[in-house]
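Line by line, the protein sequences are chains A and B.
Under our numbering, the residues of the first sequence are numbered 634 to 933, in order.
Under our numbering, the residues of the second sequence are numbered 634 to 933, in order.
No residue lacks a Cβ here, since even glycine has one placed at the ideal position from N, Cα and C.
Protein chains: 2
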Amino acid sequence: MSATTSTSLKEALAHACTDIEATIDALLPMVPGDESILLEAMRYAALGGGKRLRGFLAVEVASLFGADRKAALRVAASVELLHAYSLVHDDLPSMDDDDLRRGRPSTHRQFDEAIAILAGDALQTRAFEILLEDETSSDATIRSNLALALARASGAAGMVGGQVIDIRGEGRALPLDEVRRLHALKTGALIRYAAESGAILAGVTDDRRDAIVAYGQNLGTAFQVADDVLDTTASAEELGKTAGKDEASGKSTYVSLLGIDGARAEARRLSDQAREALSSFGAQAAALRALADYVVERRN
Amino acid sequence: MSATTSTSLKEALAHACTDIEATIDALLPMVPGDESILLEAMRYAALGGGKRLRGFLAVEVASLFGADRKAALRVAASVELLHAYSLVHDDLPSMDDDDLRRGRPSTHRQFDEAIAILAGDALQTRAFEILLEDETSSDATIRSNLALALARASGAAGMVGGQVIDIRGEGRALPLDEVRRLHALKTGALIRYAAESGAILAGVTDDRRDAIVAYGQNLGTAFQVADDVLDTTASAEELGKTAGKDEASGKSTYVSLLGIDGARAEARRLSDQAREALSSFGAQAAALRALADYVVERRN
Chain A
634 MSATTSTSLK
644 EALAHACTDI
654 EATIDALLPM
664 VPGDESILLE
674 AMRYAALGGG
684 KRLRGFLAVE
694 VASLFGADRK
704 AALRVAASVE
714 LLHAYSLVHD
724 DLPSMDDDDL
734 RRGRPSTHRQ
744 FDEAIAILAG
754 DALQTRAFEI
764 LLEDETSSDA
774 TIRSNLALAL
784 ARASGAAGMV
794 GGQVIDIRGE
804 GRALPLDEVR
814 RLHALKTGAL
824 IRYAAESGAI
834 LAGVTDDRRD
844 AIVAYGQNLG
854 TAFQVADDVL
864 DTTASAEELG
874 KTAGKDEASG
884 KSTYVSLLGI
894 DGARAEARRL
904 SDQAREALSS
914 FGAQAAALRA
924 LADYVVERRN
Chain B
634 MSATTSTSLK
644 EALAHACTDI
654 EATIDALLPM
664 VPGDESILLE
674 AMRYAALGGG
684 KRLRGFLAVE
694 VASLFGADRK
704 AALRVAASVE
714 LLHAYSLVHD
724 DLPSMDDDDL
734 RRGRPSTHRQ
744 FDEAIAILAG
754 DALQTRAFEI
764 LLEDETSSDA
774 TIRSNLALAL
784 ARASGAAGMV
794 GGQVIDIRGE
804 GRALPLDEVR
814 RLHALKTGAL
824 IRYAAESGAI
834 LAGVTDDRRD
844 AIVAYGQNLG
854 TAFQVADDVL
864 DTTASAEELG
874 KTAGKDEASG
884 KSTYVSLLGI
894 DGARAEARRL
904 SDQAREALSS
914 FGAQAAALRA
924 LADYVVERRN
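Written as structure tokens, this is what we have:
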């Protein structure tokens, strides 16, 4: 990717990050009473930084199709809350048992296990609630379609199903097809939804929505392959989370199946496919194209 | 309550139970692959019997207002899945640590903790998904309103907020006002929603919806007060779950605050208020009236 594109992508990412952070902040107001610790934990989990890849996708696709930015930021906040809930639950002792997330104690270490489980539960609920409120769109069909697509991407046939395949697969060799399926569900479905959500919000034609779905699908898989490479090559300091975890837990990864060079080539191929899916869009899709490069070239 | 009313209520409850069970069964189909254990756990948690009070409320109010029964059964299945998710998570070792639920091992004892957390997560998602699918209503505004009301009843400002107040209140005395608030959130909000959902589905006028909300609110509180009485007076065999838990965990309850007789009188008062809220409805509301008696007279 050219230096110019890279700079403008970084600026667009930083700009979106700031706005998404402020939107989440406003959508998770503190409350008085004994339940205030729940909101504290939800805010801790959801406002702790992160790349905001999913939120950025929602905002950027919405912008490509001319949707209202304020509405897009709500959709972006919603998908980030859904993502945050999945991280809180994945980090729990009975799952990945991870003490570190984004360079800070994970939610159950900062609070306790019960509060972490409940904060994750309530983050999921809030993600749906935000999409369904009138403020997201005045059109009930759009609100309903957004929430339905989020449910499909994140439930048993999506993200949570993928997480189950992942924990059941620890300590035994999975074939490449099963690893692909695992990640298509666990990570891919929500990234694909994030891109699609911007198209749903804008109410675009089916062929445009299909193109964005193809982009999101390839981008999501490229992201995961690159993640496997990073887990092998990067340090915990760079990642802000425990490194080398996949190998330690005996997980089959793109790297264990394809080797580092093979996995890098696979990530590049998927990134190219993501760019190709955008061929019918003009210069306004430049940031989305640059993002396809960024996800395979990033260092954390 | 008269013997005739009692008999017809029991018949209506049994009839609804059978239909709700069959609806849940169809809405949680098994899948092949490593994630099949997730569906097994979701089905185990959701199909293990139970009174189906919430589902019955949805079906009965929908019927009162002439809504389609098949659609009402989907709404009933949805609220029962939401309720099942809350029980699975409440039973976890880091929360109430309960090995027994509906006379069987709780979900994390039958499977394991990770699968129980994920099954609860996916049950919540599925509850929203079912409401948002076209099959629930052809009107997107109704679908969207149902899902929004469910989110409000079950999130941080509803059921999950109440659960946090509950676990934070263990081992210290809560005043009556706080116990009332705790239960209005933890149990009351979802029971109230269950009644309201039938009115939303039928698209009734605001005054009818308000009457049903008042009914659901009083019924939900009556149910919880009666539950506190049962926890003190009934055996584990009658309850199908551990008895005497509230006292053992040092929780403030209606019984510890009002005494058994005081709590029984409170339950009766609330039950009467629930009946009064139905005064503008005719004979078609007979089962709902009988239910107000049933919740305070039940033995489990």
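Per-residue contacts from residue i into chain B (C-beta, under 7 Å)
i: A/F761; result: F761, A780, A784
i: A/L623; result: Any question about residue 623 of chain A goes unanswered here, given that chain A covers just 634 to 933.
i: A/E766; result: L781
Three-state secondary structure (DSSP) of residue i
i: A/L733; result: strand
i: A/M634; result: Any reading at A/M634 needs caution, since the residue's pLDDT is 48, under 50, leaving its predicted position unreliable; the model's value is listed next. In this structure, A/M634 counts as coil in the three-state DSSP scheme.
i: B/S777; result: helix
i: A/D772; result: coil
i: B/L863; result: helix
i: B/A822; result: helix
i: A/L720; result: helix
i: B/D658; result: helix
i: A/S669; result: helix
i: A/F698; result: coil
i: B/G682; result: coil
i: B/F689; result: helix
i: B/L911; result: coil
i: A/V766; result: Rather than Val, the amino acid found at residue 766 of chain A in this sequence is Glu. The answer is coil: DSSP assigns A/E766 none of H, G, I, E or B.
i: A/K703; result: helix
i: B/M663; result: coil
i: B/F744; result: coil
i: A/V837; result: coil
i: A/R814; result: helix
i: A/L751; result: helix
i: A/S889; result: helix
Own chain partners of residue i with C-beta closer than 6 Å, once the 5 adjacent residues on each side are dropped
i: B/G831; result: A691, V694, A695
i: A/N851; result: L903, Q906, A907
i: B/A645; result: A920
i: B/R742; result: D732
Spatial neighbours of residue i in its chain, beta-carbon cut-off 7 Å, leaving aside the 5 residues before and after
i: A/A847; result: A910
i: A/S639; result: A923
i: A/A835; result: A695, F698, G699, A700
i: A/E899; result: V858, Y887, L891
i: A/L642; result: A920, A923, L924, Y927
i: A/Q917; result: L697
i: B/A674; result: T740, F744, I748, A749, A752
i: B/M792; result: S719, A786, L818, K819, A822, L823
i: A/M728; result: H722, I800
Beta-ladder partner(s) of residue i, from DSSP
i: B/P808; result: According to DSSP, B/P808 bridges with nothing at all.
i: B/P738; result: B/L733
Chain B contact residues for residue i, given Cβ-Cβ distances below 8 Å
i: A/V793; result: L671, L751, D754, A755, T758
i: A/M675; result: A789
i: A/G802; result: D667
For residue j and residue i, believed in contact at Cβ under 8 Å, the rounded distance
i: B/L671; j: B/I750; result: That pair is no contact at about 11 Å.
i: A/A789; j: B/R676; result: Not a contact, Cβ separation roughly 11 Å.
i: B/I893; j: B/V929; result: Between B/V929 and B/I893 the Cβ distance is about 13 Å, and since that is not below 8 Å, they are no contact.
i: B/F761; j: B/L733; result: Not really, about 29 Å apart at Cβ, beyond 8 Å.
i: A/S739; j: A/D731; result: 6 Å
i: A/L756; j: A/A855; result: Not confirmed; about 26 Å, so no contact.
i: B/S913; j: B/A844; result: 6 Å
i: A/E768; j: B/L781; result: About 11 Å; that fails the 8 Å criterion.
The ligand ZN heavy atom lying under 8 Å from the CB of residue i
i: A/D732; result: Because no ligand of any kind appears in the structure shown, any question about the ligand ZN cannot be addressed here.
Contact list for residue i against chain A, beta-carbon separation under 8 Å
i: B/V797; result: D667, E668, I670, L671, I748, L751
i: B/S641; result: What B/S641 touches in chain A: nothing, since even the nearest Cβ is about 36 Å away.
Interface partners of residue i on chain A, CB under 7 Å
i: B/S787; result: T758
i: B/A773; result: A773, T774, S777
i: B/D722; result: According to the sequence provided, residue 722 of chain B is His. The question's Asp does not apply to it. Chain A residues near B/H722: I750, D754.
Cutoff 8 Å; reference residue i; Cβ partners in own chain excluding five residues on either side
i: B/D860; result: T820
i: B/I653; result: R685, G688, F689, V692, L706, A709, A710, E713
i: A/N778; result: I833
i: A/S669; result: M663
Within chain A, partners of residue i - CB distance below 9 Å
i: B/K728; result: The amino acid occupying residue 728 of chain B in the given sequence is Met; Lys does not appear at that position. Under the 9 Å cutoff, chain A gives E746, A747, I750, L751.
Min CB distance residue i to chain C below 9 Å
i: A/R742; result: Of the protein chains in the structure, A and B, none is chain C.
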